[in-house]
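In this note's numbering, the protein residues as written are 3 to 155.
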């Protein structure tokens with residue numbers, strides 16, 4: 003499996019808050035060695051850096067969505083927060099489907115609990131704030147059927 007280095011902004015904000023509350027002896031400041039640059043997916047955006055530098059956390063997690071309506075329904079993972087969040091390692095679809103396929107960061111796998119979208123190992127496993135990425139599509143027998151799903155972090 004591929005390995006990625008990425009500083010978790012929630013853990014970093016907690017550390018900044020701890021150091022602000024109980025300053026370690028000899029600490030004169032914190033140097034951010036990597037500032038946000040537009041288009042750099044492997045770095046925090048400015049808003050995240052601003053919040054982390056003040057010791058503020060954002061507890062948002064990735065959200066799985068399915069478009070409503072007739073025909074094929076598009077599946078997405080969304081981040082509505084201010085911090086990058088890890089993509090779910092798996093999304094299980096418990097609703098019976100007629101057809102389905104994965105897309106983007108996910109691959110499709112049959113599972114005892116239903117269809118499972120598994121996070122691919124060859125992609126960047128974080129989703130930026132306000133980003134929406136495709137996870138796949140599915141088709142159900144009736145337009146009114148609600149998609150029952152569960153996320154594995």
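Note that the Cβ used here is the ideal one computed from N, Cα and C, for glycine as well.
Residues bridged to residue 6 (per DSSP): None, per the DSSP bridge assignment.
DSSP state of residue 11 mapped onto helix, strand, coil: helix
Separation of residue 79 from residue 68, as counted between CA atoms: 9 angstroms
Straight-line Cα distance separating residue 147 from residue 97: So the alpha carbons of these two residues sit roughly 8 angstroms apart.
Bridge partner(s) assigned by DSSP for residue 154: Residue 154 is bridged to 92.
Best match in 30, 99, 65, 27 for proximity to residue 154 [C-alpha to C-alpha]: 65
Buried or exposed (CB count within 10 angstroms, at least 16 for buried), residue 54: buried
Contacting residues, own chain, Cβ-Cβ under 7 angstroms from residue 58 (five flanking each side not counted): Excluding sequence neighbours, residue 58 sits near 15.
Residue 67 in three-state terms, based on DSSP: strand
Residue from 100, 86, 137, 7 with nearest C-alpha to residue 145: Selected option, being the one with the closest Cα: 100.
For residue 32, the nearest candidate out of 20, 73, 39 (CA to CA): 20
Cα-Cα separation between residue 49 and residue 118, rounded to whole angstroms: 33 angstroms
Beta-carbon contacts of residue 133 that lie in its chain and below 8 angstroms, excluding the five residues immediately before and after: 80, 81
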